[in-house]
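See structure below.
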Amino acid sequence: MIAWKWTTALPVALLLPMVVATADDNLDVFRVHRELALADVSPFQIERRAYTMETIDEFSRLVRFFPGKVVASGQTETFEGYPLLELSDHDGDGVADSYIYRPEPGGDTQHFGWMYDLNQDGRYDWVVFSQGTMLAKPFKLLITYYHTIDSNYDGKADIWVNPDPDLDGDGAVEEGVFAWLYDEDFDGAIDRGEFLGMGLSKAMPCEDDVIAMGCVITKEIKVGETHTLEFGSSLMNDLNAVGD
Ligand SMILES: [Ca+2]
Ligand SMILES: [Ca+2]
Ligand SMILES: [Ca+2]
Ligand SMILES: [Ca+2]
9 MIAWKWTTAL PVALLLPMVV ATADDNLDVF RVHRELALAD VSPFQIERRA
59 YTMETIDEFS RLVRFFPGKV VASGQTETFE GYPLLELSDH DGDGVADSYI
109 YRPEPGGDTQ HFGWMYDLNQ DGRYDWVVFS QGTMLAKPFK LLITYYHTID
159 SNYDGKADIW VNPDPDLDGD GAVEEGVFAW LYDEDFDGAI DRGEFLGMGL
209 SKAMPCEDDV IAMGCVITKE IKVGETHTLE FGSSLMNDLN AVGD
């Protein structure tokens with residue numbers, strides 16, 4: 009896991025009340041920090057993608073410590089057996105921050121995540137989806153998230169980020185490094201991949217139109233593959249439909 013750190017956008021003085029304040033004050037302070045951090049990374053800029061993802065990943069981890077209140081719900085078909093989509097507000101501003109797909113009200117599920125509207129047009133354009141728990145070195149359990157991004161705000165996902173690169177092939181995740189897949193011409197099909205994080209910026213090897221992703225779950229993906237981004241777009245469509 010990337011260690012949580014306060015970025016330059018977040019005044020250190022604001023950190024202090026979190027230690028001593030009440031739960032409500034904590035929430036207020038958190039909301040201010042979150043707003044500043046998200047404003048800093050909005051709208052999406054491709055050259056700041058790694059920093060933006062790190063910021064969103066961390067705020068997604070933090071927001072879940074504040075209990076959510078369901079603010080919208082609806083029926084979807086994205087996950088078989090999980091038709092109920094609930095959107096919840098965690099920071100008390102009335103705007104939904106998390107989503108969860110359930111089999112029925114209160115039903116157990118692993119399909120959940122967080123969503124963001126970086127260009128403030130009322131449509132979610134960045135969706136974080138829980139992957140689960142992965143093993144990192146040295147024998148460390150990591151909670152990992154996928155990210156999917158609509159970078160040109162046309163309503164369709166065009167970037168997909170995997171959190172589980174295994175660059176040395178030992179079966180453990182390289183903590184802090186992410187495998188990015190890009191649809192650069194916005195036709196819905198993946199064009200290339202890149203490893204990013206921990207100072208690393210490296211194109212994924214590609215031979216005969218097979219991109220070597222080298223991730224624990226997905227080893228390779230074909231140039232032109234569409235399912236991954238279709239899944240990302242489905243999440244966005246569901247969230248935008250239910251959130252309206
Ligand atoms: Ca909220
Ligand atoms: Ca948007
Ligand atoms: Ca797009
Ligand atoms: Ca493409």
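Last residue of the sequence shown: 252 (the working numbering), numbering continuous.
Note that the Cβ used here is the ideal one computed from N, Cα and C, for glycine as well.
These figures come from a predicted structure and were not determined experimentally.
Cβ-heavy atom distance, A187 to ligand 3, below 8 Å: Reading the sequence shown from its first residue, position 179 is the one you call residue 187. Every heavy atom of ligand 3 is 8 Å or more from the Cβ of A187, so no.
message: Based on DSSP bridge pairs, tell me the residues matched to A220.
response: In the sequence shown, residue 220 corresponds to position 212, counting from 1. DSSP output for A220 lists E228 as bridge partner(s).
query: Rounded to whole angstroms, how far is the Cβ of A165 from the Cβ of L95, which I believe are closer than 8 Å?
result: Within the sequence shown, residue 165 is the residue found at index 157, counting from 1. Within the sequence shown, residue 95 is the residue found at index 87, counting from 1. Not a contact, Cβ separation roughly 18 Å.
task: Return the CA-CA distance between Y154 and N160, expressed in angstroms with no decimal places.
output: Numbered from 1 along the sequence shown, position 146 holds the residue referred to as residue 154. Numbered from 1 along the sequence shown, position 152 holds the residue referred to as residue 160. Approximately 19 Å, taken between the alpha carbons.
query: Which partner residues of G140 appear in the DSSP bridge assignment?
result: Counted from its first residue, the sequence shown places residue 140 at position 132. Paired residues: T152.
task: Measure from the alpha carbon of R110 to the alpha carbon of each residue in E62, G102, V78 and L92, then state which is nearest.
output: As a first step, residue 110 is located in the sequence shown; it is residue number 102 there, counting from the start. Nearest C-alpha to R110: L92.
- prompt: Do F67 and L35 have their C-beta atoms within less than 9 Å of each other?
  reply: Translated into positions along the sequence shown, residue 67 becomes position 59. Translated into positions along the sequence shown, residue 35 becomes position 27. For F67 and L35, no; Cβs fall outside 9 Å.
message: With three or more C-beta pairs closer than 8 Å as the rule, is the region 75-91 touching the region 218-231?
response: no
message: Taking the straight line between their C-alpha atoms, what separation do you get for E62 and G114?
response: Working through the sequence shown from its first residue, we reach residue 62 at position 54. Working through the sequence shown from its first residue, we reach residue 114 at position 106. Cα to Cα, the separation comes out at about 31 Å.
task: Could you name the residues of the same chain whose beta carbon sits closer than 8 Å to that of R200, not counting the 5 residues immediately before and after it, in chain order?
output: Position 192 of the sequence shown holds residue 200. Hits under 8 Å: L189, Y190, E192, A211, M212, C214, I219 and V231.
message: Does the distance between the C-beta of G130 and the nearest non-hydrogen atom of ligand 2 fall short of 8 Å?
response: Numbered from its first residue, the sequence shown carries residue 130 at position 122. Yes, the beta carbon of G130 sits closer than 8 Å to at least one heavy atom of ligand 2.
message: What does the Cβ neighbour count give for H235, buried or exposed, with the cut at 16 atoms within 10 Å?
response: The residue labelled residue 235 in the question sits at position 227 within the sequence shown. Per the 10 Å Cβ criterion, exposed.
message: One question on the structure: do R57 and W122 come within less than 9 Å of each other, judged by their Cβ atoms?
response: Translated into the one-based positions of the sequence shown, residue 57 becomes position 49. Translated into the one-based positions of the sequence shown, residue 122 becomes position 114. Cβ atoms of R57 and W122: not closer than 9 Å.
- request: Might you give, ordered along the chain, the residues of its own chain that have their beta carbon closer than 7 Å to the beta carbon of D246, omitting 5 neighbours on each side?
  value: Counting from one through the sequence shown, the residue named residue 246 turns up at place 238. Excluding positions up to five away in sequence, the list reads T84, T86 and L93.
- prompt: Does the beta-carbon of F147 have 16 or more other beta-carbons within 10 angstroms, so that it is buried, or is it exposed?
  reply: Here residue 147 corresponds to residue number 139 of the sequence shown, with the count starting at 1. Flag for F147 reads exposed.
- prompt: Is A11 helix, strand or coil by DSSP?
  reply: Working through the sequence shown from its first residue, we reach residue 11 at position 3. Caution is warranted here: a pLDDT of 42 is assigned to A11, below 50, making its placement in the model unreliable, and the coordinate value is therefore given only provisionally. Coil, per DSSP.
Three-way DSSP call (helix, strand, coil) for F52 in this model: Along the sequence shown, one-based indexing puts residue 52 at 44. The answer is coil: DSSP assigns F52 none of H, G, I, E or B.
field: Neighbourhood of I157 by C-beta distance below 6 Å, restricted to the same chain and skipping five residues each side
entry: Taking the sequence shown and counting its residues from 1, the one referred to as residue 157 is at position 149. The answer, listed in chain order, is W134 and I167.
Assumed close pair V181, M142 - CB separation to whole angstroms, cut-off 8 Å: The residue you call residue 181 lines up with position 173 of the sequence shown. The residue you call residue 142 lines up with position 134 of the sequence shown. So it is a contact: roughly 5 Å between Cβ atoms.
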